[in-house]
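Have a look at the structure below, then the notes.
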Amino acid sequence: MDNLINIDNGGTLTDICVVTKDGIAFTKTLTTPTDLSECFFKGITKASGEVFDEPDLPALLNSTRIIRYSSTQGTNALVERKGPGLGLIVEDEALIEQLSYDEQSTGLFKDLVGERTVVLTKDSGQDELELLNAVNTLTTAGAERLIIAANDPATERSYMKILLKRFPRHLLGSVPVLFSWEFADDRNHVRRIWSAVLNSFLHPTVERFLYSSEHRLRAHKVKNPLLIYRNDGASSRVAKSVALRTYSSGPRGGLEGTRALAEQYGLQHVLMIDVGGTTTDVGSIEDLQIKTDRYGRVEGIESSYSLSDVRSAGVGGSSIIEVKDGKITVGPESVGAAPGPACFGFGGEKATITDVNLLLGILDPSTYLNGELNLDPERSKAVITATVAEPLGISLDEALLEMEKAYAQAVAGAFTPHIKDKDSTALAAFGGGGPMSACLAARIAGVKKVLIPRLAAIFSAYGISFSDVSQTVRVDVTGQSQDSLDSAREELLELAARAMFQEGYSLDDCELDWRTITDNADGTTTENQGADLSGTEGASRVLLELTATYVLEHPVLEGDFRSDGPDAQASSHRSILSAPEQRDDVPVYDLDAQQAQAHAHGPAIIEGPFFTARVPEGWTFTVSDAGDLLLEDVTT
């Protein structure tokens, strides 16, 4: 098989996973937020050194079938509210109030749009001068992108003709305009407008990087396409994707990998926590199913697109821990990759959990990122003393323990609402920070099992390996009978064939999935497999949907956990702060040096590839045949 490259771009670190005919090679590199294409190519170059005897970027690119890319940049931009100022033009003044229907939507609308709104009356909306004045008013007020949301598609098309004539898109300095009906054919005005607003906010975050990377790939004579990994678990070409589909796409990769683990190890309910640099992303696998919402939520806002149910909390390895109003707070602000945690030595002046774990003794300054980044504990000590210990009037040791506790509580708070039954729930913890804090957070939440995959440090990138290339098309069949459905089916087959041709595949080589989506009169939505209209009489809307999927190669998982293995063998010991002015000598285990089914009890530190796992006192761990970790809380 040709190589398959998967990349998960995070706020602090970028993960690269290469699936080859001989197995999986992987690495990490620091994210370069000012030019994401830099860490993109640096990461692939580093990965080529893992595949071959030495780094050889052209050789890896020329032997690669596809590159699949996901990014948390959009998610992080929303969490931190870093994006363009938006302007909104509507025809109904009541819509402005309806868009702010609860605390979350009110806050988000204020941050993204604020006062940059103009209402066109029905009469003045047809007046070209009124429309142009509205655009000028919003751009003068600082709007960098505009959303036009008319009450019907025809009116929007008339607005589009006017604006394209007066503001041609090829002119330098043109303000991008998104028309709501063009973006989402959704009769729910609030949902459709919010989808357009969110997409407009996310769009510039990923646009510049994606097209820049495509150009650089062409310079390397790469003919195969760069694919965007979407939050529905599939991939598509850059030109066939929308920005809203990138929201939580990385965590969806983690969900796919978690589902594979749940199936392999026979786990009924698994909560995924992907602790990255800026956020902790939480998702659920129950009976091997990934929960997907027909009208998925972004920051609690219902959108017109189906999304996997992933919730992002502003707590990660680079989240700022500081004192506000006499209390320790965690996030949502992040130091990101630049300047990064203080211990990175890039000028960071804010404390993070990475600084805390370094001074606690959990992290070895010489082995972080497999020894590629030497951490500076003195910088961490100075920052934590100045920003936490002194403001609270406590010692450095006390500050470290309180910060650790606050961070664990923040992580626990991210996933606790999703626990149904503590006894049957396992926590799958990954990302750079997940293995370090998972057990402490799990104990707070009452969860007794934690699963840490061997590929925890790049697990979302690995999970992308389970994706295929697909496109979905749909048509409105409201009021039609089963007998009149043939023309709609033919229309969808033609649309799907065209979409997959643009992806580079023939429809004859694809799997087809038909689905009927019914918006019921009571406001609920029903989805059924197949093209069956029975039972849809009286529905407010019925859509016939076709998904065409070209199936790629997927990894095969092996192994299990058993209790008959040998004792794990420690390679060294580490001094860990357990109480003010008290440190304990704790064994350190090299994960890759352990035999299958090896086990031991905490307190302990486990060093895996690009990650460090903490096993607190009262916990045990077992190593599976595949090198995955199962940690269990055995305290009564």
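Heads up, the sequence shown stops at 635 in numbering that gives the first Met the number 0, and the numbers go up one at a time, no gaps. Even glycine gets a Cβ: it sits at the ideal position worked out from N, Cα and C. Every value quoted in this text rests on a predicted model; they were computed, and no experiment measured them.
- In this structure, V622 sits away from A569, with a CB-CB distance that is not shorter than 9 Å.
- Counting every other CB atom within 10 Å of its CB across the protein chains shown gives T105 a total below 16, marking it as exposed.
- Judged by their CB atoms, A238 and N198 are not nearer to each other than the 9 Å cut-off.
- Here the alpha carbons of L426 and G256 stand approximately 13 Å from one another.
- The segment 64–127 contains, as complete alpha helix (DSSP H) runs of 4+ residues, the segments 72–79, 92–97, 102–111 and 121–124 (chain order).
- The C-beta distance from T328 to C342 rounds to 20 Å, too long to fall under 8 Å, and the pair is not in contact.
- Listed as beta-bridge partners of A428 by DSSP are I272.
- The DSSP-derived three-state label of H598 is strand.
- In this structure, I6 sits near I43, with a CB-CB distance shorter than 9 Å.
- Secondary structure note for K27: its beta strand (DSSP E) is the uninterrupted segment G22 to L29.
- Counting only residues of its own chain and dropping the five nearest sequence neighbours on each side, S483 has no CB closer than 7 Å to any other CB.
- For T13, the enclosing beta strand (DSSP E) stretches over residues L12 to T19.
- Across the structure, V334 and P390 are spaced so that their CA atoms are roughly 20 Å apart.
- Between R613 and P434, the gap from beta carbon to beta carbon is short of 9 Å.
- Of the residues assessed, A218 falls on the exposed side of the cut-off, its CB having fewer than 16 other CB atoms within 10 angstroms.
- When Cβ pairs closer than 8 Å are counted between the two stretches, the segment 318–325 is seen not to touch the segment 16–26, the count staying below three.
- In the three-state reduction of the DSSP assignment, L177 falls in the strand class, which pools E and B.
- In the three-state reduction of the DSSP assignment, L532 falls in the coil class, being assigned neither a helical nor a strand state.
- Remark: C-beta atoms of D632 and C509 do not approach each other more closely than 9 Å.
- The beta carbons of K41 and T28 sit closer together than 9 Å.
- Per the Cβ contact rule, the segment 183–191 is not in contact with the segment 204–213 (fewer than 3 Cβ pairs under 8 Å).
- The beta-carbon separation of D559 and Y264, rounded to 7 Å, stays under the 8 Å limit for a contact.
- At the C-beta level, E536 and W513 stay beyond 9 Å of one another.
- Counting along the chain, N198 sits inside the alpha helix (DSSP H) bounded by residues H188 to A218.
- Of the candidates M271, E301 and Q267, M271 places its Cα closest to the Cα of L254.
- For V314, there is no enclosing beta strand (DSSP E), as DSSP gives it neither H nor E.
- Membership of V241 in any alpha helix (DSSP H) is not indicated, and neither H nor E is assigned to it by DSSP.
- Per DSSP, G478 has no beta-bridge partner at all.
- If you look at A487, you'll find it in the alpha helix (DSSP H) that goes D485 to E502.
- Taking A388 as the centre and dropping the five residues before and after it, the same chain places the C-beta of L395 and A398 closer than 6 Å to its C-beta, in chain order.
- Taking all protein chains shown into account, L163 has fewer than 16 neighbouring C-beta atoms within 10 Å of its C-beta and is therefore exposed.
- Residue pairing by DSSP places Q267 opposite no residue, since no beta bridge is assigned to it.
- Around the CB of T523, fewer than 16 other CB atoms lie within 10 Å, so the residue is classed as exposed.
- Shown here, I418 sits in coil according to DSSP, grouped into three states, outside any helix or strand.
- If you check the CB distance, S469 and T546 come in under 9 Å.
- DSSP, read as helix, strand or coil, puts Y304 in coil.
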